[in-house]
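Undergrad: In the working numbering, the protein residues as written are 3 to 682. The C-beta atom is built at its ideal place from N, Cα and C for all residues, glycine as well. A single structure is presented below for examination.
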């Protein structure tokens, strides 16, 4: 039912009701607004505090990393001739480098054919091996080929589907065996070009064919691609060569133009030859270290400035900041101050405070960094600097390497005792090989050239040895190694093995290069002749084992050569890489947790989603939510009050309207009454 307000009385009922409701709710609205403002200020301030802690935590990333203190720079005086970089094992020094010649790849070209896509060139298989070729292109004299045992061989099948130059090019490139194939028209026809992907004398190509026309060396069929001691049907267009250079006058060769082993920890890339010496300077990368410290100082200053602002008091306007006197902020500041100013537990170095490193505190609580003072300290006590900042384990045994720790590792000195050293899996064949040293030989042919192995739990496809007469055990060992490493399964798993020949027992040993209990070499299948003549029968080899021992008297967990302290012990999470050849007591490891490592531990707890700081922030969010809920409830209540007042005023208005009507009626009636002394 529609009610016209104020018709009877002429009053502004809606305005009166609004004023009455506003007057009644003013007190509760003010209380809720004050609560909301107070809770919002606390919520926002605690959020800012958490953000400042997170920012401080992020600033520690580099200074707490040991790798940051092992960075070096390497500079070349002429980048057009030689570029360089340095790793963590580099040693500061200056060198004179002469670049005499660059490393080159081996390249071969096939005889020309009329049509690369239509002309059939035979079927069979092409086997590519890598090694050192002694070949004179001027006289076309192929003297010898020495197999590179570190490179895998590959056999590529050619049938009627790919027996053109285009097909063979695609098959070789798809095989991804370290050879790039292309086709070039030199005017006489189309020729297949093969080039080793890797430079160096030991990476030249030997091409052998198994031609379906039964002749593997003539100039017809697939044999046109032969380049070996029996046939040189391909033309050598570029000979493989090593790079030749001098370091401070010492002659050095390298199979690539990227040199990584000549100077420990330094990588040189040779760009071109030069008769003039290139100056190569290796130095400690102090910028990496000082940048990390500046980041730490900046992170701390941002935190302390934020904390000061959140706890400040504006005396002039009598306005306190949201966290003035707050116990959470006081507690966090106290914990950070304690870490910053207390000595590192367990550390016994000559430098034991930040002030000695040039990091001082101002009157406002912020830090400043004197890089000149730091450089002087670093030059004399670099290990002390590392221990002051980062978590560090220092083994007394030179063959034990600190690998890391967790947030639960306690500082302390922990004894290390090794009961079992980690080992590699291997398989040793029977002593059936000929006495190569006494002039013996072994013919490998279709009757004794195959073997199926399982390496580190990976089942390999059957390998086939190159058929030839082998006059040394080392040559046959290299052939076996190349064929095993060249299997697709080994390449897919990025695994390798080594094969060693023992002249004392005339036997082979296949060695896994993976250390620990996952390391194993097993023979799965072999025919009778291969077993009899190579010495490998179907059997399991000797599996590798994980390192075993104790840290601080508690049995630790072994994984390969990594020994990790047991959960629940003081040294929990301490990880040590165990080398050497001895068992028993292996000395101690002194583990200290530097300043920034302690900060990271503290911040991990403070920033934890279930930590005390987050719980406080969440509690204020809950209070704000409660205020909103109460505000919503109050709105419903005031709407009810508004409705009640409206009904009451409307009832009053109706009554007044009725009274007004009665008044009008009475006035009319009274007006109609005879007047006194009237004669009518």
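Express the C-alpha separation of residue 513 and residue 134 in angstroms, rounding to a whole number.
TA: Computed Cα separation, rounded: 24 Å.
Undergrad: Where does residue 36 fall in DSSP's three states?
TA: helix
Undergrad: Measure how close the beta-carbons of residue 495 and residue 463 come, nearest whole angstrom, since I'm counting them as under 8 Å.
TA: Not a contact, Cβ separation roughly 13 Å.
Undergrad: Please state whether the Cβ-Cβ distance between residue 578 and residue 403 is less than 8 Å.
TA: yes
Undergrad: On the DSSP letters alone, give me the boundaries of the beta strand (DSSP E) that residue 455 sits inside.
TA: 452–457
Undergrad: Output yes or no for whether 8 Å exceeds the beta carbon distance between residue 527 and residue 540.
TA: Yes, these two residues count as a Cβ contact at 8 Å.
Undergrad: Could you give the distance in angstroms between the alpha-carbon of residue 213 and the alpha-carbon of residue 180?
TA: 23 Å
Undergrad: At the level of alpha carbons, what is the spacing between residue 293 and residue 50?
TA: 26 Å
Undergrad: Let me know the beta strand (DSSP E) ranges lying completely inside the region 251–324, each 3 residues or longer, listed in chain order.
TA: 252–256, 268–272 and 276–286
Undergrad: If we count the other Cβ atoms within 10 Å of its Cβ and call it buried at 16 or more, is residue 372 buried or exposed?
TA: Exposed, because fewer than 16 other Cβ atoms sit within 10 Å of the Cβ of residue 372.
Undergrad: Can you check whether the CB of residue 249 is closer than 8 Å to the CB of residue 86?
TA: no
Undergrad: Under the three-state reduction of DSSP, which class applies to residue 557: helix, strand or coil?
TA: The answer is strand: DSSP assigns residue 557 an E or B state.
Undergrad: Would you list the one or two residues that DSSP bridges to residue 397?
TA: 591
Undergrad: Pull up the distance between the alpha-carbon of residue 114 and that of residue 124, whole angstroms please.
TA: Cα to Cα, the separation comes out at about 14 Å.
Undergrad: By Cβ distance, which residues of its chain are closer than 7 Å to residue 588, with the 5 residues on each side in sequence left out?
TA: 399, 402, 418, 419 and 420
Undergrad: Quick one: what does DSSP say residue 55 is sitting in, helix, strand or coil?
TA: helix
Undergrad: With distances taken from CA atoms, which of 558, 332 and 594 is nearest residue 395?
TA: 594
Undergrad: According to the neighbour-count rule (16 or more other Cβ atoms, all chains shown, within 10 Å of its Cβ), is residue 409 buried or exposed?
TA: exposed
Undergrad: Rounded to whole angstroms, what is the Cα-Cα separation between residue 3 and residue 25?
TA: Confidence is the limiting factor: at residue 3 the pLDDT is only 36, short of 50, which leaves the residue's position unreliable, though a coordinate-based value still follows. Roughly 28 Å between the two C-alpha positions.
Undergrad: Output needed for residue 126: all residues of its chain with C-beta closer than 7 Å, excluding positions within five of it in sequence on either side, in chain order.
TA: For residue 126, where only same-chain residues beyond five positions count, the Cβ hits under 7 Å are 160, 211, 212, 213, 214 and 224.
Undergrad: So what does DSSP say about residue 643, is it helix, strand or coil?
TA: helix
Undergrad: In whole angstroms, what separates the C-alpha of residue 484 from that of residue 131?
TA: 9 Å
Undergrad: Return the residue from the list 73, 678 and 259 that minimises the CA-CA distance to residue 84.
TA: 259
Undergrad: Between the alpha carbons of residue 488 and residue 536, how many angstroms are there, rounded?
TA: Take the alpha-carbon of residue 488 and the one of residue 536: they are about 19 Å apart.
Undergrad: To the nearest angstrom, report how far apart residue 255 and residue 287 are at their CA atoms.
TA: When rounded, the separation of the alpha-carbon atoms in residue 255 and residue 287 is 28 Å.
Undergrad: DSSP three-state call for residue 3: helix, strand or coil?
TA: Only weak support is given to the placement of residue 3: the predicted model assigns it a pLDDT of 36, under 50, and the question is left unresolved by the model.
Undergrad: Just to check my reading of the structure: residue 272 and residue 284 have Cβ atoms closer than 8 Å, yes? What is that Cβ distance to the nearest angstrom?
TA: Contact doesn't hold; Cβ gap of about 17 Å is too wide.
Undergrad: My understanding is that residue 554 touches residue 426, with C-beta atoms under 8 Å, so please give their C-beta distance in whole angstroms.
TA: Incorrect: roughly 28 Å between the Cβ atoms, too far for contact.
Undergrad: Rounded to a whole number of angstroms, what is the C-alpha to C-alpha distance between residue 208 and residue 185?
TA: 19 Å
Undergrad: Can you have a look at residue 573 and say buried or exposed, based on whether 16 or more other CB atoms are within 10 angstroms of its CB?
TA: buried
Undergrad: Could you check what DSSP says for residue 30 in three-state terms: helix, strand or coil?
TA: helix
Undergrad: Exposed or buried, which one is residue 71 when buried takes at least 16 other CB atoms within 10 Å?
TA: buried
Undergrad: Could you tell me which of 116, 110 and 155 sits nearest to residue 139, measuring between CA atoms?
TA: 110
Undergrad: Candidates 76, 193 and 97: which alpha carbon is nearest residue 112's?
TA: 193
Undergrad: So, residue 58 versus residue 305, is the Cβ gap smaller than 8 Å?
TA: yes
Undergrad: Ends of the beta strand (DSSP E) at residue 98?
TA: 95–103
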